[in-house]
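In what follows, a single structure is set out as structure tokens and then discussed.
Numbering (our numbering), first residue to last: 1 to 179.
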């Protein structure tokens, strides 16, 4: 558990069975987005010992691990909407003091932010996925799926057929139907 100011654990947990050993044996960590608590929580097991890491992000929702690029992509649903790109810290980050010098390298993966993309808050993005090499998000505030180019911005690429039949000049600004 991560300690709070009084030394108590902030994130208490109960497990059944060899949960931490399973994560350790698979060589993976589990990342959980806690939208209304405003953080990403990473959980893992090192030799069966649990560890937790927290990163504060406003309203995180969608998560995607891009294995070929070794990037964790997280969407943040607030004005402005953001896509955060995090990568595993390496020895160079410690040498260049990207990571504080008094922080001992953990026995687990430490993620560091590497870049972000800002998007209009009205898109109200939640879920994200890579289709091929391109990031796509649900633009829930406008009833469509958007492609997000590497340099930012967005392009409407799909929407439900019922949006076409709403009978208004710009159905994408009509928050009647939600994806």
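Note that beta-carbon positions come from the ideal geometry of N, C-alpha and C, so glycine has one too.
At a cut-off of 3 residues, the continuous stretches assigned as beta strand (DSSP E) that sit fully inside the region 71-159 are 71-76, 81-88, 111-119, 125-131, 134-139, 144-148 and 155-158.
If you compare the alpha carbons of 15, 20, 61 and 51 with that of residue 35, the shortest gap goes to 61. Secondary structure in the region 19-76: the alpha helix (DSSP H) runs of 4 residues or longer, each lying completely within the stretch, are 19-26 in chain order.
Of all alpha-carbon atoms in 132, 115, 135 and 141, the one lying nearest the alpha-carbon of residue 123 is that of 141. Only exposed fits residue 114, as fewer than 16 other CB atoms lie within 10 angstroms of its CB. Annotation for residue 162: the continuous alpha helix (DSSP H) segment containing it runs 161-164. In its chain, beyond the 5 residues on either side, 121 have a beta carbon closer than 6 Å to the beta carbon of residue 79. Contact annotation: the region 66-77 does not touch the region 142-159, with fewer than three C-beta pairs closer than 8 Å.
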